[in-house]
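One structure is given here, and the rest of the page talks about it.
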Amino acid sequence: MKYLTILECPVAYPAENAHSLSSKDLMPRFGVTAGLESQHLRVLENRITSVCIWQSEALAKRYFDADWSAKADDIWGDEYRIRSEPIDSASAA
């Protein structure tokens, strides 16, 4: 079963945090990230929304692991939201 993640976060730049990462660096990359089938990004009023469809829940959770969460907490604090849910094949098409 396919899996959907929606990440909403503020725009951050590398010089603004100890990890030297931008918000884009914490986003999965289509064609590079294992299991990522589709990604749509929107930037509006200094916020990024990333909608991703994954091959499976396991692959999505492997990307958004404890290390990712620690970096996200350091960079965005409580200003980010991530939602995940399974989707059926008809919805993913």
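Residue 242 in this note's numbering sits at position 80 of the sequence shown, with consecutive numbering throughout.
Cβ atoms here follow ideal geometry from the backbone N, Cα and C, with glycine treated the same way.
- In the displayed model, Leu183 falls within coil according to three-state DSSP, outside both helix and strand.
- Counting of Cβ neighbours within 10 angstroms places Ala177 among the exposed residues, the total staying below 16.
- For Gly197, the closest C-alpha among the options Thr211, Ser231, Pro172 and Leu221 is that of Leu221.
- Excluding residues up to 5 positions away in sequence, Ile215 lie with their Cβ nearer than 6 Å to the Cβ of Ser200 in the same chain.
- DSSP places Ser246 inside the beta strand (DSSP E), whose first and last residues are Arg243 to Ile249.
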